[in-house]
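Below is one structure, written out as structure tokens; the observations come after it.
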Amino acid sequence: MSSTLSLDAAQRIAHSSLSRATEMQVAIAVVVVDTGGHPVVSLRTDGATFLHARMAAQKAVTSAGTGGPTAALVETLGEMPALLAGLSSQPDIAVIPGGLPLLVDGAIVGGVGVSGGPGGEDVPIAEAGAASLRTA
1 MSSTLSLDAA
11 QRIAHSSLSR
21 ATEMQVAIAV
31 VVVDTGGHPV
41 VSLRTDGATF
51 LHARMAAQKA
61 VTSAGTGGPT
71 AALVETLGEM
81 PALLAGLSSQ
91 PDIAVIPGGL
101 PLLVDGAIVG
111 GVGVSGGPGG
121 EDVPIAEAGA
131 ASLRTA
């Protein structure tokens, strides 16, 4: 696999996330972005709202841009309130769990964001999607 994110790979990531959400019986939106933060795939289950889709996109962009999971960013920035406030005020940024960077051979090729889980389900659903990239 090259160090870019193909449409096929992005679709596989999104569908793997949707499959995991269905298993967990959670209505979610999943967005996969490239390294520029541009959407490649955006899908949502029945019951997921437009707000879930927006938040999923923000989580994906944040992870693609920072190179780390949004959950780790939450922990790190919790100790730096001024930086947290500044970053949180930026458009298209979400400092809440559910975003993961997508890596190929150690290089960031994009991000995946999931939103909609009411109790911490977003992270394992995003992990299922990201795992499909590693197993291709």
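Counting with full-length UniProt numbering, you get residues 1 to 136 for the letters of the sequence shown.
By construction, the Cβ of each residue, glycine as well, lies at the ideal position given by its N, Cα and C atoms.
The three-state reading of DSSP puts L87 in helix, counting H, G and I together. Only buried fits R20, as 16 or more other CB atoms lie within 10 angstroms of its CB. By the Cβ neighbour-count rule, S17 is buried, with 16 or more other Cβ atoms within 10 Å of its own. For I13, the uninterrupted alpha helix (DSSP H) run begins and ends at 7 to 24, by DSSP.
Taking C-beta separations shorter than 6 Å and ignoring five residues to either side along the sequence, the partners of V41 in its chain run A10, Q11, A14, V32, following chain order. In terms of Cα proximity to A126, the closest of G106, P97, D105, T135 is P97. Between the C-alpha atoms of L77 and H52 there is a straight-line separation of about 23 Å. Listed in chain order, the non-local C-beta contacts of A94 below 7 Å within the same chain comprise M55, Q58, K59, T62, T70, local neighbours out to five positions each way being set aside.
In this structure, the CA atom of S6 is about 15 Å from the CA atom of A64. Taking 7 Å as the cut-off, the Cβ atoms of I108 and P101 count as close.
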